[in-house]
Structures are given as structure tokens and as C-alpha cells.
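A.B. asks:
What follows is the structure in C-alpha cells.
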């Protein structure tokens, strides 16, 4: 499984990292902003949209189903929607590239519209199981024809009117929750999702902002999210905060490279996404929130991160849903901590763009970091702040977060760390390597 145009890169040790940077817009919020704008009647405007391949796949899919989506010269995206219930039959398969979020959420949208859509993806996405979305959406009345194992390519035939359901998530997943809520928009009655463990709540916040009738209540069962269907969404102006998952790489990089002092501007600090900040602080990281504010209903701050001596910890299991995408770079932080870090409770990592537990173990061990693999995470022996040996080659497995995490590791390694293919980084963070060199890092492209 390889990218058609691989880009090998080597990352060298940095003397220090310093400067102010701004990371791309939040990917989760960018996807949802496009989808909900496309379901509102009238023109919405989105500023700060992440212009990576995953989000552009969502834009292309919404265009294929009738929305008008244009990026202005001022970098503001203007979306004229078709209204809930107004999605048109796409004339060709919807190509999702590497984006699992696009695929699962759009499956929800299509499920309650009287249209049929075929979803395709790249080699990596086509290995990822979709059954946990297919099963509840089938209960609402949608029909699916999927490849073996519930994988792409797959076809969704929506039902209108769909049947409202009450669904308890068997595994914490913001994508499954969001797919059901999006299906509920065009379903008469009340669709309820019960999540035993809170997951990122961007969908709930944004649905309320667009005017959907949605409520969230805490109960002994967990959080109960109720959405009243056949909604009418109002167009909005949205400012997308910086992606905390993208900021994570610089938080760890500044923490591990001696002498570093980095400010990351405009970072979204939604409590359901800020688990890595909590965990790094438990390890001893020096992270200060400057100018805290609220932008588009989301808490935001500039983060000043300075080098600090990290200590190994046992990562609390209950933070896993709020930092699931950040585990690979947390493993890197652990490699430089004093003592042992036990990072578990993250079974979800097995079904991401790659098996991130196995792939990160192989990548770290190839560069001299002792690891023990568990079904739900890793135990890592740290160097106490010294450089790791490095000198190995990382197989990124078409996974952007593996490539970026191990690039961070290379910034404090005795020998350069080679990454076999950095091209997947463009899916979420096209400017990653530019910012790395801007802060004082050094890379060589093969």
C-alpha cells in the first residue's frame, strides 16, 4: 500500500525551536461547517477552513449533491445550501480520498435523503471498517451494499422519511454520533444518541448554532443527545479555530527540544479535544494559555510552550476520547520522558488510517526506543530528556499522523530519522514541514 507519488524525507536534530506559528483550521469543525452550510437555505461564510485534502473531499461531495461552494480570493469560503431534504442525486461516485470523517458523516446525511450514493476511497481508507455506522443507519431504514467487512467501496440508498431511533454507542465515537445526528436532521421525530463516555461535541455545538432543535442532558446512562428532525437550518458565518490535533505536534516538539520557546496561535481548546494538554501537563510540560477567548462558540487561546523535563506517567484511561488522534505524538513525548509511560485505553487506534499502535511501536523501535505493545496502547521507556538514537526509517503506512509524529521525534534524535513517505501529511496539514523549518528544524527531501 503506497502513495502514487511518495515523498521521502529525513528530519534532523534541531538546536532549539522558537517563534510564533499558526496551525491550520480545525479539521473536525471544517468538515461540519461545510456539511451544515450545505444544508442551510441561503449563503453561509466560513473563515479559516482547513484546506487539506480531507476537507476538500467533503467540499467536493457537497457540490456533487447540489450545494454551491466557492473559495474567495479573501480565503473566505461561501456556501449556498440546498436545505435539509434538498440533497440531489450525485452523478458519480463520491471520492473520499483518505477521509474517514467525511465518509462516515456523509453516510449519515445520505441515509435520510431519497438518493443513492457510492463512496470510494484510497487504499488506506478502503481498509477501514464502516459497520459501526452501517448498523445503526440501517435501523433507520437506509440500505447498504458494501465490500467485504463493511468496507469501501460501498453504496448507500437513503430512506425518506427515515425512522428515528434511540441508539446507545457501544464504543465512544464522535463520528458515529455525528452520522446519526446528521441522519436525524431529515428524519421526522426525535433521534437520540446515548454516549457512555463524552466525545468531541463539535456537531452538537454547530447544529445548535445553525438553529437545529437539539438538547444534551446528563443521566446515569451517560450523555443523551436528542435532535428533533425535519430541521430548518439558518445560514451562518463561522470562524474555524486552529486544530488542536495539529497544534499537538508543536506542543510536544517544544517540550522535548532543549531551549525551545514556541507560541501556537488561535488553538481550539474545546474540553472534548484538549486531553493532550492535560496529559502533557501531568508529565511536567510548560504550557501557558494566553489571551483565552471564545470564537464561533468554541474556546480558543494562544499556547506558549517551553522546553520542560517530562516524567513518565500512567495516562488516565478516561482522557482517551478527548485525545484519540494525539496518541501517536504522545508516544513520542513519552520516548523523551524520565522513566516509563503507560498509555492505554485507546483501542480505537487500531482502526485509524493505520493500526497506529503497531505502526508507532515499529517506528519507535526502529529508532532505538524500547516499547511494549498492548491491545489498547503502548508502554514506552523514556530517555530522561536525552536524544533518542534515531537513524531508522519509518514506514508511515499512508498515515499523516505517523509521519508528523516521527518527524517531531527526529527533532531530538542523535541520528536523522527518515520517513519513507511524507505525502499523506497533505491530508490534514499541508504547511507542516514549512512550519518545522520556520521554527528552526531542518529537513532533507530525498
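In full-length UniProt numbering, the protein residues as written are 1 to 446.
Virtual Cβ for every residue (Gly too), placed ideally from N, Cα, C.
1) May I ask you to report which of helix, strand or coil DSSP gives residue 222?
2) Assuming residue 144 is part of the beta strand (DSSP E), what are its boundary residues?
3) Sorted by chain position, which residues of the same chain lie with C-beta nearer than 6 angstroms to residue 194's C-beta, five sequence neighbours on each side aside?
4) For residue 155, which beta-bridge partners are listed by DSSP?
5) Check whether the segment 413 to 421 touches the segment 125 to 140, counting contact only when three or more Cβ pairs, one atom from each stretch, lie closer than 8 angstroms.
6) Taking only runs of the alpha helix (DSSP H) that begin and end inside the segment 31 to 75, which ones reach a length of at least 4 residues, in chain order?
7) Which residues in the same chain have their Cβ closer than 7 angstroms to the Cβ of residue 408, if we skip the five residues on either side of it in sequence?
8) Please state whether DSSP places residue 1 in a helix, a strand or coil.
9) Three or more beta-carbon pairs under 8 angstroms between the segment 265 to 284 and the segment 196 to 203, yes or no?
10) For residue 426, report the span of its alpha helix (DSSP H) as first-last.
11) For residue 230, which residues of its own chain have a beta-carbon under 6 angstroms away from its beta-carbon, when the five flanking residues on both sides are left out?
12) Closest by CA to residue 426, which one among 75, 98, 41 and 61?
13) Determine the DSSP secondary structure at residue 389, reduced to helix, strand or coil.
14) Hey, would you say residue 303 sits closer than 8 angstroms to residue 267, going by beta carbons?
15) Residue range of the alpha helix (DSSP H) that residue 244 falls in?
16) Tell me where the alpha helix (DSSP H) around residue 310 begins and ends.
17) Does residue 405 come out as helix, strand or coil in the three-state DSSP assignment?
18) Just checking my contact of residue 40 with residue 72 at CB under 8 angstroms: how many whole Å lie between their CB atoms?
19) Would you say residue 276 and residue 313 are within 8 angstroms of each other, going by their C-beta atoms?
20) Checking 8 angstroms against the spacing of the C-beta atoms, do residue 179 and residue 156 come in under that value?
21) Does the segment 376 to 383 come close enough to the segment 344 to 359 to have 3 or more Cβ pairs within less than 8 angstroms?
22) Which same chain residues, not among the five before or five after residue 437, have their C-beta less than 8 angstroms away from its C-beta?
23) For my contact list, residue 349 and residue 210 are in at a C-beta cut-off of 8 angstroms; report their separation, rounded to the angstrom.
24) Relative to the C-alpha of residue 133, which residue among 121, 123 and 146 is closest?
25) Do residue 242 and residue 265 have their CB atoms nearer than 8 angstroms?
26) Looking only at its chain, what residues have a beta carbon closer than 7 angstroms to the beta carbon of residue 334, apart from the 5 residues adjacent to it on each side?
27) Is it true that the CB of residue 16 sits closer than 8 angstroms to the CB of residue 263?
28) Report the partner residues of residue 375 according to the DSSP bridge assignment.
29) Tell me residue 127's beta-bridge partners as DSSP assigns them.
30) Mind checking if residue 383 is an interface residue toward chain C, Cβ cutoff 8 angstroms exclusive?
31) Note down, in chain order, each residue of its chain lying with its Cβ closer than 6 angstroms to the Cβ of residue 363, except the 5 sequence neighbours on either side.
32) What's the call for residue 172, buried or exposed, on a 16-neighbour Cβ count within 10 Å?
33) Check the C-beta distance from residue 125 over to residue 103 and give it rounded, since I have them as a contact under 8 angstroms.
C.D. replies: Quick answer:
1) strand
2) 143 to 147
3) 168, 221, 222 and 224
4) 118 and 145
5) no
6) 53 to 64
7) 249, 252, 253, 329 and 332
8) Confidence in residue 1 is poor, its pLDDT being 47 and thus under 50, which makes the residue's placement unreliable; the coordinate value appears in the next sentence. Three-state result, residue 1: coil.
9) yes
10) Note, residue 426: premise wrong, no alpha helix (DSSP H); not H, not E.
11) 188
12) 98
13) strand
14) yes
15) 244 to 256
16) Note, residue 310: premise wrong, no alpha helix (DSSP H); not H, not E.
17) helix
18) Not confirmed; about 18 angstroms, so no contact.
19) no
20) no
21) yes
22) 443
23) Actually they do not touch by this definition, with Cβ atoms about 32 angstroms apart.
24) 146
25) yes
26) 312, 341, 343, 380 and 382
27) no
28) In the DSSP output, where bridge partners are listed per residue, residue 375 has none listed.
29) Looking at the DSSP assignment, residue 127 forms no beta bridge with any residue, so it has no partner.
30) Structure shown: chain C not included; a single protein chain is present.
31) 394 and 406
32) buried
33) 7 angstroms
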